[in-house]
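Take any residue in the sequence shown, note its place counting from 1, add 156, and you have its number in the numbering used here.
Virtual Cβ for every residue (Gly too), placed ideally from N, Cα, C.
Remember, predicted model here, so these are calculated numbers, not experimental data.
Contents: one structure, followed by commentary.
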Amino acid sequence: MLKEELRHTHFPYCIQRQEDGTYVFTNRNYKPIGFMTGGWVNYDDSPIGVKISELTPTLAARLDHKGRDNLDRIYLYGDSCVPTADQKYMDAYLGRLGILMKLRIAD
């Protein structure tokens, strides 16, 4: 279980679309942000899904660290560009977070 850096549990790594169209923001352990468990987490058990009104394939490509336009899973960073490993990677991650924070929650 990755716990040595706050990034592993409390910062977004992946945005995953659920069957109902909502998105769950997961940490590096694929748990909802802040969850520090090695056990299975059923996303439906907690009110953690959110509808994002402005998310398009073009925007997904701006958010994804590899520029992929996949709306099902958007990776904000990857194993080859860990934000805490290099200032260039941190700047790129923070830029993606800046885009993400401006998005609105759909009604």
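DSSP three-state assignment for residue i, whether helix, strand or coil
{"i": "P188", "result": "strand"}
{"i": "Y249", "result": "helix"}
{"i": "I204", "result": "coil"}
Cβ-based neighbour list, residue i, same chain, cut-off 7 Å, excluding 5 preceding and 5 following
{"i": "R218", "result": "I255"}
{"i": "V238", "result": "Y245"}
{"i": "L227", "result": "R173, L211, P213, A216"}
{"i": "G190", "result": "T165, H166"}
Bridge partner(s) assigned by DSSP for residue i
{"i": "C170", "result": "T182, Y231"}
{"i": "V238", "result": "Its beta-bridge partners do not exist; DSSP assigns none."}
{"i": "I255", "result": "Its beta-bridge partners do not exist; DSSP assigns none."}
Other residues of its chain near residue i: CB distance less than 8 Å, five sequence neighbours each side excluded
{"i": "D225", "result": "P213, T214, A216, A217"}
{"i": "R229", "result": "C170, I171, Q172, R173"}
Residues near residue i by beta carbon distance below 6 Å, same chain, minus five either side
{"i": "L259", "result": "I208, E210"}
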